[in-house]
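Student: Can you read through this structure? Questions will come right after.
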């Protein structure tokens, strides 16, 4: 009947409108953060010069020094350390789950490893302080609060991410490839490192990069174990301060230019993470296209 | 899952809940609320005072938070809290009414396993400026000194810089922690650590070092022989109203002051 | 030297087994430590009583309430917003430019560290909008934080619904909205629920964004304008300040149990829904 049709169409249009409001609201909120951080963070770059901030080695905001180079370096070092600790181990677990484990084992093991992701970061930090820091101090020297401690903790924290994404990548390599390799007489390991891994290469890389992003962004656990010293580390036993720790340590106390300095730190952090995200997504998309 | 009526009901609850705001410093039950925020050094003592105050005045609620001296000052200037706590003196432009509630010594602490009993002020300065890097330079083992300082902007650090460093900068190779409690934790667990904390929270887990032969005891501070002392301030925007004054009077009263003194602080009148 | 491929294969195989066992062992060690050192201090008193002496004694009830308030309200705000956005992106727009812009926003925000949210939330909500440290500031911040996750997972779930189901529904005369409501959403619900559960877990465990927005007051919050301390924040403070090692472990245990419960129930709900549909 013509009447009900019109009512139905109007209702449809209302609903579509409602959802578009939702979508644009989401967009608004998401952009709000970007805008705000940039808005607050850029003025200091203009005032002090990008060079002073990014390449400056002295961070003493109450005295006018806003150099965050040591923290940029420390963030990178701790992330690379985390990848060294968590990367090979994560990749191996992923390969194990995909190539060696039986279905039942996989059903138990995979969720277990993903449960690691559910443990709050502060618990990792705490256990790191209680067990890892003293161990480093006694066995290797130094205060224990160090680049090494941070790398270890972060490495364990990004394990689930790397296992998960690498597993998906490795699993999606067609069985045909493997069969072909076996047919030619290769052993399992030869098949894995000559065929499977190279085919899954971009997915595995994406996982590593995503893990990197997580490691660079971690705050609480790092504050607890890394020592927070401002100097560029000269050994892995030196205490370090990352970009994230810098913000968290001084946020509550900062005013005026000091606070702007923290926003500038945030801007640098954001840019680094966006670049990493972009590379990772690009990598995943390439894999899908193949 | 997407049933509108439930959503509307929930949204109403949300509004209701958020509408029971602080309006007029009274909470839903008609009690008077006083909000305090600021220095993490003053915080534990304010919390103790608040606990006792609320016991004696059950129609009051005292809400205490940390955030740091500067945050507390800002919050008071903004009107976000009633009382701001500060462990450092006010700077230019920080136009607030200040009340000294007590004095606090700054204690230099080391791990209980450390045999050193006394350090000169100069030695402490040189440890924190990075000039002295190894314990053997001051008479102990051949181990690097794990010094810990507070973060920039901390009232305690400000006081330390003013009273001990005297213009020399704290080395940036030194570890940083963001509260008295965490500095104490580091020193308590690392045998080769040294740090400075509020005297009032030093306990058996750390060892307090004498400076130039003088141990920071309450008596020695009172007579002026131990000099690393700073005031704990309560700040209000202008004169405090009757509600806030009630609490401040409690803090300055005999009962309040004896509470503070029992915690190792020095009374405001001493 | 061992150059035979078959021998290498065997060595490598055991290598993989060892590493997998190590990784799982790590997980067990973490949980075991927290359980062993935390269980002795868990009691009915611990869960339901208020903390005394800054957490040295007593319980953690206000923190549980604060955590619940934060989680529930954040999800209440973020779920309709996020699911609605996902529906819009997948079902309603045919114009790529808009989709690309929104998706760019969502993707970019996906990896943002929680401290940035803390920085934003603190300066924007707490200071500039004068909310003070409050549950409201925390809720708004957390909502924005979990929005990308919900949008993403919902989108994926909706995209995974076979086109055929939609076509059948349209051919029966249903409108777009009716199709979405009665066919697409129910089919996609396991995926959507997973996203919600993931966000719930994240909210419960989040510290950096919460401590700077919701604050750290130990009192029981009676309204959204009051500050509160969530379990994660309480644990952080207990642990760092060395207030009480035992209470810290106990709080950690409650925290881990909560996140475990959330993850496990998500798993089972997902399976339950799928199973029911299979009948």
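Protein chains in written order, with my numbering: chain A, 16 to 305; chain B, 98 to 367; chain C, 21 to 299.
Yeah, the Cβ is synthetic: ideal placement off N, Cα and C, and Gly gets one too.
Since the structure is predicted, the reported quantities are computational estimates derived from the model, not experimental observations.
Check each residue of the region 161-186 of chain B: if its Cβ is closer than 9 Å to any Cβ of chain C, include it; give the result in chain order.
Tutor: 161, 162, 163, 164, 171, 172, 175, 176, 177 and 178
Student: Is residue 257 of chain B helix, strand or coil by DSSP?
Tutor: helix
Student: With 8 Å set as the bound, which would you pick, yes or no: does the beta-carbon of residue 267 of chain C sit closer than that to a beta-carbon of chain B?
Tutor: no
Student: What runs of the beta strand (DSSP E), each 3 residues or longer, lie entirely inside the region 162-242 of chain B?
Tutor: 180-183 and 194-207
Student: Since I believe residue 283 of chain B is in contact with residue 202 of chain B (beta carbons under 8 Å), could you give me their beta-carbon distance rounded to a whole number of angstroms?
Tutor: So it is not a contact: roughly 20 Å between Cβ atoms.
Student: How big is the Cα-Cα spacing for residue 302 of chain B and residue 205 of chain B?
Tutor: 13 Å
Student: Among B/187, B/366, B/173 and B/170, which residue has its Cα nearest to the Cα of residue 351 of chain B?
Tutor: B/366
Student: Within 10 angstroms of its Cβ, does residue 183 of chain B collect 16 or more other Cβ (buried), or is it exposed?
Tutor: buried
Student: May I ask you to list, following chain order, the residues of the region 157-179 of chain A that have a beta carbon less than 9 Å from some beta carbon of chain E?
Tutor: This model lacks chain E altogether, as its protein chains are A, B and C.
Student: Apart from the five residues on each side of it in sequence, which residues of its chain come closer than 6 Å, Cβ to Cβ, to residue 289 of chain B?
Tutor: 240 and 243
Student: So with CB distances below 9 Å, who are the chain A contacts of residue 284 of chain B?
Tutor: Per Cβ cutoff of 9 Å: no residues; residue 284 of chain B is ~11 Å from chain A at best.
Student: Entirely within the region 89-145 of chain A and at least 4 residues each: give me those alpha helix (DSSP H) ranges in chain order.
Tutor: Runs of the alpha helix (DSSP H) inside the region 89-145 of chain A: 118-130 and 136-142.
Student: Give the secondary structure of residue 242 of chain A by DSSP, where H, G and I count as helix, E and B as strand, and everything else as coil.
Tutor: Three-state DSSP puts residue 242 of chain A in a strand.
Student: Cutting at 6 Å between CB atoms, please list the residues of its own chain near residue 348 of chain B, excluding the five before and the five after it.
Tutor: 146 and 198
Student: How many Å lie between residue 35 of chain C and residue 42 of chain C at the Cα?
Tutor: 10 Å
Student: Can you confirm whether the region 208-222 of chain B touches the region 293-309 of chain B when touching is taken to mean that 3 or more C-beta pairs between the two stretches lie within less than 8 Å?
Tutor: yes
Student: Please classify residue 356 of chain B as buried or exposed, where buried requires at least 16 neighbouring CB atoms within 10 angstroms.
Tutor: buried
Student: Looking only at C-alpha atoms, which of C/27, C/158, C/229 and C/262 sits nearest to residue 245 of chain C?
Tutor: Residue C/158 is the option with its Cα nearest to residue 245 of chain C.
Student: Touching or not, the region 189-208 of chain C and the region 224-242 of chain C, by the rule of three or more beta carbon pairs under 8 Å?
Tutor: no
Student: Is it the case that the Cβ atoms of residue 139 of chain B and residue 344 of chain B are separated by a distance below 8 Å?
Tutor: Contact flag unset, no.
Student: When DSSP labels each residue in this structure, what does residue 294 of chain B get in the three-state scheme?
Tutor: In the structure shown, residue 294 of chain B sits in a strand (DSSP, three-state: E or B).
Student: Taking residue 158 of chain A as the reference, which of A/94, A/202 and A/241 has the closest Cα?
Tutor: Closest in C-alpha terms to residue 158 of chain A, from the list A/94, A/202 and A/241, comes A/241.
Student: Using a Cβ-Cβ cutoff of 8 Å, what residues of the region 285-299 of chain B are near chain C? List them in chain order.
Tutor: Cβ contacts with chain C come from 285.
Student: Using only CA atoms, which one of C/238, C/289 and C/45 lies nearest to residue 73 of chain C?
Tutor: C/238
Student: Out of A/262, A/136 and A/31, state which residue places its alpha-carbon closest to the alpha-carbon of residue 137 of chain C.
Tutor: With distances taken between CA atoms, residue 137 of chain C lies nearest to A/262 out of A/262, A/136 and A/31.
Student: Quick check on the DSSP output: what are the complete alpha helix (DSSP H) runs of length 4 or more inside the region 262-336 of chain B, in order along the chain?
Tutor: The region 262-336 of chain B contains these whole alpha helix (DSSP H) runs: 277-286 and 315-319.
Student: Go ahead and label residue 139 of chain A buried or exposed: buried means 16 or more other beta carbons lie within 10 angstroms of its beta carbon, across all protein chains shown.
Tutor: buried
Student: What in chain B is Cβ-close to residue 263 of chain C, meaning under 8 Å?
Tutor: 278
Student: Whose Cβ in chain C lies nearer than 7 Å to the Cβ of residue 281 of chain B?
Tutor: 262
Student: Checking 8 Å against the spacing of the C-beta atoms, do residue 251 of chain C and residue 84 of chain C come in under that value?
Tutor: Yes, these two residues count as a Cβ contact at 8 Å.
Student: From A/110, A/282, A/64 and A/239, pick the residue whose C-alpha is nearest to that of residue 207 of chain A; which is it?
Tutor: A/110
Student: Under the assumption that residue 85 of chain A contacts residue 247 of chain A (Cβ atoms under 8 Å), give the Cβ distance between them as a whole number of angstroms.
Tutor: 4 Å
Student: Apart from the five residues on each side of it in sequence, which residues of its chain come closer than 6 Å, Cβ to Cβ, to residue 97 of chain C?
Tutor: 163
Student: Can you name the residues that DSSP bridges to residue 160 of chain B?
Tutor: B/132
Student: Quick one: grab the DSSP three-state call for residue 317 of chain A.
Tutor: This structure cannot speak to residue 317 of chain A, because chain A is shown only from 16 to 305.
Student: Would you kindly check if the distance between the Cβ of residue 260 of chain B and the Cβ of residue 324 of chain B is under 8 Å?
Tutor: yes
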